[in-house]
Every structure is written in C-alpha cells, then in structure tokens.
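Below: the structure, in structure tokens.
Residue numbers (the working numbering), protein chains in the order written: chain C, 1209 to 1501; chain Y, 1209 to 1501; chain X, 1209 to 1501; chain F, 1209 to 1501; chain R, 1209 to 1501; chain P, 1209 to 1501.
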C-alpha cells in the first residue's frame, strides 16, 4: 500500500517559462527513457519477484521513489507552460500581456507562431497548460516498455539500460536549458540516475557477477549448440573477416568459453513451404506448387 | 548494401506441427524480446554510430546476422502451421484429413475448438498459415522498442538487456516444446544469444569497464548534485531503513563514490500552480484560485 | 444502412488559411476528445445495445450526426492548408506566390521554416494538403478509446465525459483563432456539444437518476464489502486526515449510505510468491527461495 | 513524494489457481477500465490542477490509493498463475506434478492445450508467471487513456465514467470466478469503485451541480450558436422524427434552455476543394479541376 | 451530412452462436483488412479529394455503404455471442442453462474453459456480449491504416489492395463457418468486395490505365535517375542472376522503358559520420573519432 | 541468410544540413509509405510464400534491396542533423559556432527556437543526432502495416499501393528540398520506386492479369451472392443516382459480369438483440427488454 507527502523530493523552480522546453521535458516523463517507464518497470519487477526477499524490497523502494520523480517533472512542465500562448492573436506587447511575458521573457526572438508550432499543442488543447503522459513528440507512453522478465539478472540489466539512457537524456536536457532552476532540478535527477545505474550493477555483482552469465544461468548448457556460443559471426559480403576486438579472442566473460571469430556461412537448408491448401484463400496457381522434398 | 543467400543460417525442422507453438514462437519474432527488435536496434545503432569505426562494423555484422534469425523463425512458424485447421467443421477422422493429422500428430487431446481458440487467428485469417510480425498475443511489433541512444555504452547495456531477455525467452520456448526439430533449432538460437550477451559485455570492457560509468561519462560531475549520487533512498512508510546490500555500503562500482543508505524525506516545496487563465477552457471556479506565493 | 447528402450540416468558411491552425483542428478529428471517437463510440453503443429500443435509436441518430461533424472538420483542415508551403524554397515574395499568400495572409510574421516546422508534416507529405485521422501531434486515432460497456448508465457517463472534454477543446480552438469563418463554424460545434452533454445527462435522469447508482445497479450489494463503500480513504504519509468535502459527510448520492472519511491502513497481508519453478527461465538463486507460509 | 507499506490494502487469497482467470484479471490492471488508467489519470489531474487546493489534495489521495490497487491485482494474477503449465509435455498425472495440480485443482476438465491456448502466453514467455501491464487480450496499456483536461468538471465526469466501467468490470469478474478468495478480494474492489463513483459525483455537486454546465462554464454562451444548443437532431433517412424522451422536451438540465427535437437538414454548402497544386505529388488530371466558386 | 435507415443492407442471421467465430469476425470489423479501415479510407479520400468531382462523389457513395457493412458485422458478432459463458461455473447441463445451449448447440465438444480461453475476453468483460472495434486478436483498430495520399491513382491502388485482402478474409471466414446464416451473410460481403475491387480498377482504367504510371505521373521523369527505373536489381550473395520473369524483359508496363535485370552492386560511398559533439550525451571516446574525409 | 557490404547502394551527400528536412525524411524511413514497411512486407511475403518458387525469390531479392534503402535514408537523416542545435543558448554568431553554421547555412532566416520547435526533438534527446524508426511526426513504425496475406495477387496489389504512395512521398521530398545532394539521392529512390511499381504490376500480368480477378480467384463464385457482384450501390440521401463512369456500365474488368448502378435500399431486417443477461453487468432496466421476435 502506498502513501503520499505533499512536498516534492527536491525543489523545482523555473525562472523563464518556455513551452518548447516543456515539450522537451516530456521525454523524461513519457519517453522510453523516462520515469513512467522505470516506475512501472520496478513496480512490476517487484510485484512479480520470486527469490530472495531483499531484492523485492529494494525494487519497491526505488519504484516508490520514481513515482515522485514523475511528480517533479509534471510540475516542471507546468511551470514552463505558465505563460504559453492560448491564442495566435494575443497582444505582442503590453505589460499585462501573456505574450509579452513570453516574448520578453524566455524567448525574446520567438514569435507566437514559433511557440504554437513548436510546442506540444496538447499542452494547450487537451491539458490546459499541464503535463501529459507522452514523450517530447506527443506520443503517449506505451506499457510494452515495461520489462519484467521473471529473471532477476535479466531484469537488472534492463534496469541498467533504462537508467543509462535516462541519464543520457537528463544530461541532454541539462545542456539544452539555461534556466538556473531547471539546471538545479536536472542536476538532482542526474545524480539519482547515477545511483540507480550503480545500484542495479551492484545487485548483479552480489548475485554472482560473471557467475550469473549467461542469462538465464539455470539453463543446462548441455542443451545448447555450444559450437556457436562463443564465436563472433561475420557477415561481410566479400568474405572479409569481421572486426577484431575483445569479443573475438581471449576467455569469454562468463569464464565458460573462449572467444573466436568466423566468416558466417549457411548451415541450414533452403526453406520450402508446401502448396497453398484448398479453401485457404490463395490464388489457384499457388495450390499446384510442388511440395517440399 | 545487403545481400542474401537462399539457405538458412541453421537447419529448421518440425516433426509435429502445432499451431499453439506457432503462436508461442511469434514472441521471438515480434515480441519485445524478439529478433525484429534486436535486428532494427543494431541496424540503427550502427547507422547512427559516431566514434571508433570498429564498433559500427561490429554492430552491422551482428545486425545482418539477426535478419537471418527472423527468417528462420518465420519458417519455424509456418512449419508449425502446416496442418492448422481452416474450418471448424473439418473431419475429425480419416487418413487424408488435415484435422486427423493434427489430432493424431502433435496434439492428440486437442479439439478443433481448442486449436482455433488457442491459435493466433491472424495466422489463418490474415496470413494464410504463415508468420506475422507480431508477438505471441498477436500484438504487432512497435519500433519504439529500438534503443539507439547515440551513447555507445548505454547502447551496449541496452543490447545486453535485449539478449538477456531474448535468451530467457528462447529457453522457455525450448522447455515448452518436445519436438526434436524445434529443440535443435532453439539450441542454436540459445547459443547465439549466449554469444551476443558476451560480445556486448566485451565491448563495455574494452571501452573501459567501470571507467565508462556513470553513463554518459562525458558529463561533468561537478554539475551533478553529488550528495545524492551514491545513496540508496528508502521509502518505507514506517521509516524503517531500506534493505541492506552491496548497494548500501562499500565503494561504488564506478570508483567515484561510496555507497550509503538513507530514509527518504522531501527536500522540496509543495508544488502550487497558478489559477487557470481566462479563455483556457477551465471552469469559472478555477480562475479565482489564489496564485502561488 | 446509411445515406449521404453532399451538403454540410453547417457552413464552413476560412478567410485566412493557416497550417498551424489546421494542425490544431486535427485534435477535434482524431484526438481523444474528437469526433471520430464519439462517432464510433455512439455507433458501437447503439449496435450492441440491449434494453429499451428508444435508447438505441437515440444513440444511432446522434452517431449519424457525428459522421457529418468529422466531414466538416476535414473540410476545415483542408481549407486551412490551401496555401501551405510545399517547398522550403518557395518565393518569399511576389503576388502570385503561394508563400506570399501565406506570409501576406494569415501569418505575416511567420517564416517558411516556422510553417514547415510547426505544421503536421503529414498534411504535406502523406495527404497532399488534406486532413488525416490523427490528433494535433500527428498521432493516429486508436479505437481503444471507444467505450461501449454494455451497461447503459456507464455508457451515458462515458458520453458526458466525451462531450465535456470535446466542448472544452472546441472552446480552446475558438479562442485560438481569429478567423471569422472558423469562429462561426466552431460556435456551431460548441452548441452541438452543449446539446450532447445535456442529452446524455437527460438519459441518466430518465433511467432513474440516483437510482441508477452505483453502476451497475444490477449487482447485489450484499456481495459487496460495504464497510468500504462510502468511506473516503486518505493516504497522507503523516497520517493527517484527508481533505473534507461533500464526499466525507452527509448521505451518499445514491441514497444507500453515508459518507465518512478515514486514514488508510493496510488490511491485507504482505504478498509473498513462491520460488521460481525449474525450467521457468529464472536464475538459479531464485529457485531456492523459501515458499510462502 | 511517495511512500510504501509492504502490506496490501486488503487481503488477497486464491484457492484454485487458474491461468484463464489470471488473463481475465489483467483487464482490471491494464485495460481501459482498469487501475493503471485511473491511477495515472488521478495523478496527472492532481499534478496539473489549477483552482481550489482541496480538490488537488483529494485527487492525489485517491490516486495514491489506486497504486495499491494495481499492487493487489498483480498479486492476484501471480497467485492464479502459480501452477500454470510451462510445457506441453508436463505429466498429466502424479501427485507432485504441476499439471496434475492444475488438472485436479481449478480446471478438472481442461487439457494442457486448453490452458496454453487460452492463457496470456506472455505470462509464461515474458514474465515467468507474473502480471503484465496489459489487458485481458495481452494488449499493453496506452497512456492516451489518461484524461486530464485542465477543466475540473470535465475531469470529474471522466472519473465517474472510469469508475462506472471499472465497477462493471469488477462485477463481471466476480461472476466469472467461484474462487472464494478471489470473490472476497473483488467484493473489496467493487466497494471502492462504489465510493469512487460517489466521490466524483459529490465533487460535481459541490462545484455547483447544474451550474457547472455546460462544461466549460467559463465560455461566454453569447459566442455559441444557441439555436442549436438544446435541440435533438434526428437523422432518419425517411424523415421520421427522432425518438422522444427527456431530451426532446422540458427544461434543459443546465436550466439555460428548453429541449426540442427536429429532423436534421443540411445548413451548409457543398464542400469543394481547389485543384491540386503543381509539385504536390498528385496526378496530372487532378491539377486541371475547376477551382471552387 | 449523413442519414440512417434502421434496416440492414442485407439480412444477417445466425443459427448456432459461437463465441470463437465471433472473435474471428472481428478481423472483418477492426482488422487491417476490415470495414472500419475501408470506411474511413474512402471517407478521408473523398473529403480531401482534389480533381474531377465525380471521383469524389463515387468515393463518398461507397464510403457510406461501408458504414453499413460495419453495422452488419457488429450485429453478426453479437448474435454469435448470444450464449457465450459469463461464468466458469455455469451449469454444464440443464435445459435452461446458457452453457447447455452452447454445448448442445454449435460446439458440442467444447468445454467452458475452451470457450473462455478461446474467445475475445473483452466481448464479455468490456462489452457485455457485443462487438468491439478490434481485430480477431483483440488489438484495437489504428487509424494509421487509412491511406489517403492526395494522389488519385495511388489511392485507387490502395483501395484495390484493401478490397483484395478484404475478400480473401471474407472467403476464409466463409470456409471457417458452417452456419447457414453466416454463410449467406458472408456471400453478400464477398460479392460487394468483388464489385469494390472492380470499381477501383475501373477508375484506374478511366484515368488512363498505363498512362497513369508511374505514379505520380506529374513528376518530370527528367529529374529521375532513369538508369535505374526499369532494371530489376538482384541481391544474391553468390552473384547469381535474379529470377527471370515478365519484370526482367520486354517493354515496361507504363510504355516508357524496357525491363532488364542486373546483379546489384554498391554505387555509393561508405557512410561515415563525424565524431560526437561535446555536450551531446555521448561517451568521451566517441568525441575523438576522426571526422569523415 | 543475409550479408552486408559497407558501401551504400547509391551516393548520399548533403551540402546544407537542415534538421527540419531530417524530420521530413523520417517519413520515408518509418512512415506508412516508407522503407521499413516495404522491407518487412516483402520479407514476410517471401518467407511465407506458397506457390511457384520464382516469385518467392523475386520478393526476397527486392526485400534485400530495401534494407539498403533504409540504410541510405538513415545516413541522409544524420547528415541533415550534423549541425542541429543542442542548446537554446548556443551562440547565434561566430565562425566556429554550430548555430552560426546552421543560421548561415541552410536556414538563414530560422531562429534557434524555430529549429528546436520544428525538429523531431528525439533526434536530439533520444538519438544524439541520428535517425529513428519513426515517421515525420515522431510516431514509431508499427508492424501492423506489413501486408502479407498468403494470396499472391492480393500481395502484389498491396505492393503496388505501397510503391505508389512511396513514390508520391519521394517526389514531395524532392520538391521540398533544394539541396543538390539530397535531390540527387531522391532521384535514385524515385527511380527505384518506378521499377518496383512496374515489377509488381508485371507479376500480376504474368499471373494472368484479369484472370487473377476477383481476388482470391480460388473461391467458387457459385457461393457468392452474384446479384450484388457487379453493381455500384448509390447512397445519396435524396435517391438521386450515383455518379456514372466506367464502373457503372460495360463489361466488368474480370470479364465475368457487366457493370450496372442502382440506388441502394435496405435488403435486411432491423437488427434486434435480446435483453441483457443476469449477472452480465448491465443495468436492471436492460434485463427486461423484450427479446427479438
């Protein structure tokens, strides 16, 4: 069961509201690198966890923190929309003018058309100047991005991946703005992404590090076609060898094999399907094809 | 530019066609853990790669291999559909009967209704007994699952994540079937997933291992709120401490900090938005709210 | 069966074509507050209706009207695209110039780049200057937004909700434009939204008003955990009481209970799942976890 | 900021695990009538709220409760999957057999094929016997279903609609199962849906009831084409009058008009578009069409 | 503007309700080969049409007919759901039993579990035994499938494609059922698909046939790299020639060239991107890469 | 199995990088008229092909070529993003300035805000200045657009439709840019689209031309309601006849009938559903409705 404190986890302030930056911030809410995704991902991983209880606890603690990150970002978006244009005809000057505030504020060189064209129009039309669960292009979040595999190690790598792309995004947003309040807020999100990258890697280390590999480590490798398990397959048209690197020589990282490289060749047959069956909706000509040998 | 050899990378055979297993195999084609995803992911990572050329080459080699994996799976699906029912009234007996072949073959206890209800009906209705670019529930693949961040290390972790969930899926499919041809084919896919997990980890090692962290390593950590960078935040309602582990003590994995743990508290303000603006489509009552202090 | 009259339900004129407003109008076509949604919603509610025939008739009458609303909006979009730029290099001046018409017309301060960047580029690239079944951000309509529950009262509230957000949207569009033709057209849509809000509420009144509650009113409340049916549950972290209002005191609106408020506490157990099963694709460590008591 | 208690809001138990019912329960998690939707909807309504603070507080209290509802449902799904088949060849008999447990337990007449075909295969293949953020057909939740319009009254009707369809769903699930634990759990969800229907209606009453209509009540009705604001438009092909009811006579529910009915006729022009422009990608024949008069 | 007649365009009857066939019929409603798609496609093509008016009229006539096709299919689905199970525990015998009606009716060998597992559960849970705007796997219709390009000839080929896959689907549904009412109804849909295939081809003939090619015929072929316009490019890995056929020899079908075949070779350069820019969120190592020559 | 050559199929150069044109080019990558779609479409058609082998070979040859088209477009997008702004505060002047390069380069009149607002922000935020598998509005590609019906003739028309809308798109992009490198590259894509239109039409001719109609030609027309197979149905509200054309007179194009036209009338009954069943979640009032006669 969950509870709420009205205050934010960290201070969020905005000196120069900018509807174009509001749109950019949406990527951190509803983008694939964003906070709705990690929040739901950690929740579902925790709720479905089977195994040592402390990992479940850990997942739910961080999942709960992430709900508050969405909360802060939603506030940041709304602050950046405070003075967004609601009309193409709002006065371009005048002390009391909303547009004047925008033009004289964050975006001195931007016209009304630039703002209306460049913003997420749903911020105005659907939400009345507030955040939406969408990415920076207005595409709504889709929960297929919630990875919760039932395999603890696979899930940890999914989490590292999510926090890595998440921190890349936060750094890009940091560079994109020069609003001091936004920069301060983003410096906090960046720090938390640092920790979250670290903590999922720490779980992997605790779960055995290389002994956790290959994932899942519960599959009997005697059932695997191990001739193909540690060889890099090149697919250059001219038959030239693939690029050499750590992955083409030396012991494999799971300690169970030795890397090598080869030029790929077909080991299989030419795939042939039988003729189309009567009443299957095909053309007549497709039904008389020779069946596979 | 790409080229094609008619033969498959590995042999694909099926002794006991089973439309329920055909549906399950679709997860490996169009599911988020599947081959269309990794294929497009490696292609877009390679095509957009900036940095040392050998990583781009490596990405495109494996991406090219993955197209052939989709090819094999599509064939495997079609083979499992060879004798799927096209009619609820097909004869339940008789040597020449399609249904007889199914009933006497892979699924001796399954009725026509079971097969029709349990299969991906688009295999019959939309594709005429062939594979579709969908997952096991018939949901089409969505390219938002292609992660290509422009950050080489983040991308590598995304790839490890994809191959980890991919190998978990392939192992589950291996356990699900007892068809020898299918098991043999899956043992090959499992082996390739082993290698692909290993090779992306090898790239991370070659790119510096812990020196690559936190991702992106190009962001100046002086701009980060480092007080929050290596501390696990607990969110237990009763204020009890969060679960202890490798992530709450000892040096951080990037060698740049020391893990600790804390009970989370709000550091920020209560977020308050201004009243609704005139002409913004709100209710009258929303416009007279007191503005934030 | 349906029929068509070539004339529109209401006059649609546009004096100052504006591709940015064309994009905004798309929200009323393919947005979740838009006309494709209500049209399909009323059609499917009507087609699947079980109960007194007059409600089905009413639904199909209004559904049929809504098809004509999409028609008017599609025309309005096309009119606003009449002079949209098809090239970044079109002449910026000259009497016969398309761009001149735009620059000298609706958007005297807008550059070609502003128009091309701010418009729905599919208006140009995919539709050749015509409307698409998308929202204002170019996201295509998704029929999961068609609510037709088989419960007449639930459906009526869904319809009130749709027409409420629909009228909010139309009012925002009205404020956004200063084109007299567009304003006149929108004043008609606003009026129809007024009526449609009213008529669904009138159906609820006719179906018993509060006697229709709680929805569905066919469920035997003896099977309901009625201790929790009329109490507002607060979830403040500090245990402070939830906000007081009409919903925390007095008789409930269905006349079947009395409102109260409480501070929420967990009534349930700590959820525990069993260990991962062999062959389920988990890590080895997950399989030895202690089963739930 | 949010916090978590490990215990559930209400007890969730399952005596007869059934993977088909697990699939059905998913509709209450990730369906459009489900808990992820209302949770995100109330969160975004609260976070973007402008107006009297107590409504924001109320929204966030209930939003926080809803996170715990998803949590309970996720546990209920996992319990129903405890003994789901992981292989088409698991032993059909034997005391220790998983399949035996299923066959002898909840579904004595169901074959392995029936279970595998009828379940959400991602429960097995992607999640390792745990819940997913999807609906009962395996379609992932899409955040476009989060309605947060910035208009408080419109949002309340959206919430009534969501809780109405939500309670209809919960009642159907109640009838579908005969597991005592599931029935007890669902009786709690049904009760909370009763309260949530009531509380949003109570807000509407507190915000003025009919005075809140038409929504938005801030739009000056002098700008509305009021000739069309309170008249039901019939669209019968044969010109017969539309069905009579509360919506065709008497005062309108907002007290601002009188209902009437009419047979719809076109008031507008025939819409005509100009010829296709050169370089617009049309066929040559489309460019010589006569322009509109 | 649109009008409605309560009667269906053709009689729809069902003797043996079958929820599995109800699910299959959904592909003809909300599948990509279905009626919502063609209906919206013809509407948007007509509404956005530029050029000779008679084609617009033709499109809107057929679009209007298609609305009535969705109507008939929605009724057909509901009829097939008349006796679908609403509970896993409904009596399996007894004259008055719903389940008895099902078991003794269309599906004598199907168990309750088979029906519940094989049906679209949203038919029960979300719609109360009625049609939904989804395909046979329960995936909602997505309006990105509406092709309306602004090029009349391209649109006609899109329409031929839609009606071809549509008639294939209808024939498969015809074979799948043995209900006389359903077969009669489908024989009508098949006939209309025949006509609709024919009529779009007739438009192409009227618009010039081969003179309409290549589409768009308004593009000056002097701006086309015509060396590549009529040559089939083979991509066999071993350099063997591509398959010969009508497309490798003889005059091209537009009368503007001669078909030939060649073995594909790269004519372009190796693509090289510059190093990652500072502050772009890349890894440090990516910023020192050599720029392209 | 597939192979790769590092060189592109055709040269791709860009003199004046323009992030707005990068966004437009995305339609050719991930739009419904784009290359991911045709690539996957031809692959799945080929992999599932039943019938004469040469058509399968032909499909896979062209599918393989299309992978290389995506590759070229991805490079073209990246080139156009070379100098895109990463910050709203980048210097607006100065020889070394990125922004200076943009402002002084392709878009002398565009402000930073125009570029940031008008571009696909994910090019910056998610991809670090590289292509994404999305359309011009940032909507990700969805594999439901892959048409592979199992009917060879239907598939060919789907392919003609795809290449027709594809060439229309390429021509629009050609007109939109004045960059010589981009124009040269697009002239190649346009040429290949010409060939691909031609080759699919050539297959239809080889498969019998009109003898392939109606599709599928394997359905026994004796089972079709042929009274409705060659008659155009008008749906004008006033009963006026539908527009005359090739489709209302003369022999049908399949040589199996004669075109005619008629004014549409309902041939069917008024559809009536039974009352709602108990325990189906409906309102009480819906359960007492009279059942259909």
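Every residue, glycine too, gets a C-beta built ideally from N, C-alpha and C. All of these numbers come straight from a predicted model, not from anything done at the bench.
- According to the DSSP assignment, residue 1252 of chain P belongs to the alpha helix (DSSP H) that extends over 1243-1255.
- In the DSSP assignment, residue 1348 of chain P is bridged to P/1342.
- Sequence-distant Cβ neighbours of residue 1418 of chain C in its own chain, meaning closer than 8 Å and more than five residues away, are 1461, 1462, 1463.
- For residue 1468 of chain C, the pairing in a beta bridge is given by DSSP as C/1439.
- Rounded to whole angstroms, residue 1345 of chain Y and residue 1215 of chain C show a C-alpha spacing of 42 Å.
- Per DSSP, reduced to three states, the secondary structure at residue 1459 of chain C is strand.
- Within the region 1440-1465 of chain Y, the residues whose Cβ lies closer than 8 Å to some Cβ of chain F are 1443, 1444, 1445, 1446, listed in chain order.
- Rounded to the nearest angstrom, the gap between the Cα atoms of residue 1395 of chain C and residue 1482 of chain F is 54 Å.
- Annotation: the region 1370-1455 of chain F contains the following complete segments of the beta strand (DSSP E) (minimum length 3 residues), in chain order: 1439-1442.
- Counting the other Cβ atoms within 10 Å of the Cβ of residue 1279 of chain X gives 16 or more, which makes it buried.
- The residues 1356, 1358, in chain order, have a CB closer than 8 Å to that of residue 1256 of chain F in the same chain once the five nearest residues on each side in sequence are set aside.
- In this structure, residue 1401 of chain Y lies away from residue 1369 of chain Y, with their beta-carbon atoms at least 7 Å apart.
- Of all residues in the region 1333-1345 of chain X, the ones placed with a Cβ closer than 9 Å to any Cβ belonging to chain F are 1333, 1336, 1337, 1338, 1343, in chain order.
- For residue 1376 of chain Y, the closest Cβ of chain X is nearer than 7 Å.
- Three or more beta-carbon pairs separated by less than 8 Å are not found between the region 1228-1238 of chain P and the region 1417-1432 of chain R, which leaves the two stretches without contact.
- Judged by their CB atoms, residue 1371 of chain C and residue 1405 of chain C are nearer to each other than the 7 Å cut-off.
- Within chain P, the C-beta atoms nearer than 8 Å to that of residue 1489 of chain R come from 1336, in chain order.
- Secondary-structure assignment with DSSP links residue 1210 of chain F through a beta bridge to C/1212.
- For residue 1331 of chain Y, no Cβ of chain F is located within less than 7 Å of the residue's own Cβ.
- Taking 9 Å as the Cβ-Cβ cut-off, the region 1357-1384 of chain X approaches chain C at 1373, 1376, 1377, 1380, 1381, 1383, 1384, given in chain order.
- At a cut-off of 7 Å, the C-beta of residue 1276 of chain R has no neighbouring C-beta in chain F.
- With 16 or more other CB atoms across the displayed protein chains lying within 10 angstroms of its CB, residue 1491 of chain R is buried.
- The residue among X/1246, X/1244, X/1273, X/1287 with its C-alpha nearest the C-alpha of residue 1389 of chain X is X/1287.
- Look at the region 1248-1275 of chain Y: the residues with a C-beta under 7 Å from a C-beta of chain C are 1262, 1265, 1266, 1269, 1272, 1273.
- When DSSP states are grouped into helix, strand and coil, residue 1476 of chain R belongs to the coil group.
- With respect to the 7 Å criterion, residue 1282 of chain X and residue 1339 of chain X are classified as neighbours on the basis of their beta carbons.
- Look at residue 1227 of chain C here: in three-state DSSP terms it is helix.
- Residue environment analysis places residue 1473 of chain R among the exposed positions, since fewer than 16 neighbouring C-beta atoms fall within 10 angstroms of its C-beta.
- Measuring C-alpha to C-alpha distances from residue 1361 of chain Y to each of Y/1227, Y/1478, Y/1258, Y/1319 identifies Y/1258 as the nearest.
- Of all residues in the region 1410-1440 of chain C, none is placed with a Cβ closer than 8 Å to any Cβ belonging to chain F.
- Residue 1230 of chain X is outside the set of residues whose beta carbon lies under 7 Å from a beta carbon in chain R.
- Contact check for residue 1253 of chain C against residue 1267 of chain C passes: the beta carbons are separated by less than 7 Å.
- Listed by position along chain F, the residues whose Cβ is nearer than 7 Å to that of residue 1235 of chain X form an empty set, because the closest Cβ is around 12 Å away.
- When the five nearest sequence neighbours on each side are left out, the beta carbons in the same chain lying within less than 7 Å of the beta carbon of residue 1243 of chain F are those of 1236, 1237, 1274, 1277, 1278, 1281, in order along the chain.
- Rounded to whole angstroms, the gap between the alpha carbons of residue 1470 of chain F and residue 1441 of chain P is 29 Å.
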